[in-house]
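Structure first, commentary second.
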Ligand code: GDP
Ligand code: MG
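So, in C-alpha cells, the structure goes:
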C-alpha cells in the first residue's frame, strides 16, 4: 500500500493537473481561425474550462505585457493586441502549461499553431502562459473564479 501511495504521489507531481491561459490573438480571430485553433488545443488534450471574447483596452494590453515594456516591439505589440477582439480561454489538463506551449510551437515547426496560423513574429495567432506562476496571474487578470468551470 505504501508503494502505491508513493507511486500516486510521484505521478500526481509528474502529471499535475494544471490550468493555463490562452489568447487567440486579433490576427487569428480576423482570419476566422477560432474553431481550428481550439481544435488543436482540444485534440492536444486540453479542456476549455472558461472562455470569452474581449477587446483589450490599451491599459489592459500594456499591463498584460508589462514584462516587455522595455523592448523595442512593446508599443507595436500593444497596438496589435488592441487592434481587434481576442478570445481568452482557460485551458486545463495534465501539465497544461507545457503542453499548451508545445501545441503553440513556433513558425519553424509544421503542425503547431504558430506554424499553421501565424503570419510573422508579432502576428503569431496565440498567447500561452509560460509558467505555472504566470498562468495563475494571467487567469486572474481575465477571469473571476465563478467564470471557470469543472466538467
Ligand atoms: P511568447 O511568450 O512566445 O508569446 O513570446 P514573447 O513573450 O517573447 O513575446 C510576446 C509577444 O510579443 C509575442 O507572442 C509576439 O506577438 C510579440 N513579439 C515577440 N518578439 C517580437 C519581435 O521581435 N517583434 C515584434 N514586432 N513582436 C514581437
Ligand atoms: Mg511570453
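In my numbering, the protein residues as written are 5 to 155. Virtual Cβ for every residue (Gly too), placed ideally from N, Cα, C. Note that this is a predicted model, so its numbers are computed, not measured.
Close-in-space but distant-in-sequence residues of the same chain around residue i (CB under 7 Å, 5 per side omitted)
| i | result |
| --- | --- |
| residue 117 | 41, 44, 107, 108, 109, 129 and 130 |
| residue 62 | 82 and 86 |
| residue 126 | 77, 80, 81 and 84 |
Cutoff 6 Å; reference residue i; Cβ partners in own chain excluding five residues on either side
| i | result |
| --- | --- |
| residue 27 | 90, 92 and 131 |
| residue 12 | Here the model assigns residue 12 a pLDDT of 47, short of 50, so the residue's position is not dependable and the matter cannot be decided. |
| residue 54 | 94, 147, 151 and 152 |
Heavy atom of ligand 1 within 7 Å of residue i beta-carbon
| i | result |
| --- | --- |
| residue 92 | no |
| residue 104 | no |
| residue 101 | no |
| residue 81 | yes |
Closest by C-alpha distance to residue i, when choosing among the options
| i | options | result |
| --- | --- | --- |
| residue 58 | 141, 48, 87 and 102 | 87 |
| residue 121 | 32, 21, 23 and 25 | 32 |
| residue 115 | 76, 48 and 23 | 48 |
Proximity test, residue i beta-carbon vs ligand 2 heavy atom, cut-off 7 Å
| i | result |
| --- | --- |
| residue 74 | no |
Proximity test, Cβ basis, 8 Å: residue i and chain B
| i | result |
| --- | --- |
| residue 36 | Absence of chain B from the displayed structure is noted, only one protein chain being present. |
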